[in-house]
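A.B. asks: Mind looking over this structure? Questions follow.
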Amino acid sequence: MIRRLILTTAAIVLASAACLPQASATVTAGPHFNSCGYQVTGDGVRLRTGPGNGTVRGLLHRGDTVYADKAHGDWWRVRLAYDSGSASGTRKTTGLRAGTAGWMAKRYARAHTCMQTD
């Protein structure tokens, strides 16, 4: 009787596990990102803690340079480039420090043109 109860319970647990949704990778790394970075094309573009409507870390402004390394749908994880006009590395217009990472909508980024120096 106990053996039958154990086997029935095990069968139910295994069947339940098979019905659960499988985990999927939501963030993808890709070599398709521009190694020269991207220029922010909008003013007041929100830099978020995650893709979507997550918490805002700060604002990016037209002309800021960011480097993307991951994607999730229409969102890119980016890192803010160093502002050569600031000795402290803090952006004058946003207060964000150089190297601050977050997520932005990719429609507000335009690829920089890489210059080859020979």
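Just so we're aligned: the sequence shown equals residues -25 to -1, 1 to 93 in mature numbering (1 follows the signal peptide of the UniProt record, and there is no 0). The beta carbon of each residue, even a glycine, is placed where N, CA and C say it ideally should be. On a predicted model such as this, the values are computed, not experimentally measured, just so you know.
#1: Have a look at T92 and P26 and give me their C-alpha separation to the nearest angstrom.
#2: Could you check how far apart the C-beta atoms of A86 and N28 are, in whole angstroms? I think they sit under 8 Å.
#3: Any idea what DSSP makes of Y57, helix, strand or coil?
#4: If I follow the unbroken beta strand (DSSP E) through M79, where does it start and stop?
#5: Who are T30's beta bridge partners in DSSP?
#6: Starting from Q14, follow its DSSP beta bridges and name the residues at the other end.
#7: Rounded to a whole number of angstroms, what is the C-alpha to C-alpha distance between D18 and G12?
C.D. replies: In short, the structure shows the following:
#1: On the sequence shown, residue 92 is found 117 positions in, with the first residue counted as 1. On the sequence shown, residue 26 is found 51 positions in, with the first residue counted as 1. Cα-Cα distance, rounded: 36 Å.
#2: Translated into the one-based positions of the sequence shown, residue 86 becomes position 111. Translated into the one-based positions of the sequence shown, residue 28 becomes position 53. Actually they are not in contact, since the Cβ atoms of A86 and N28 sit about 25 Å apart, beyond 8 Å.
#3: Translated into the one-based positions of the sequence shown, residue 57 becomes position 82. Here Y57 carries a coil assignment [DSSP, helix/strand/coil].
#4: One-based indexing of the sequence shown puts residue 79 at position 104. Its beta strand (DSSP E) spans residues 76 to 80.
#5: Counting from one through the sequence shown, the residue named residue 30 turns up at place 55. In DSSP, T30 forms no bridge with anything.
#6: For the purposes of this step, residue 14 is taken as residue 39 along the sequence shown, with counting starting at 1. Beta-bridge analysis with DSSP links Q14 to T40, R85.
#7: As a working note, residue 18 is residue 43 in the sequence shown. As a working note, residue 12 is residue 37 in the sequence shown. Distance between the alpha carbons of D18 and G12: 18 Å.
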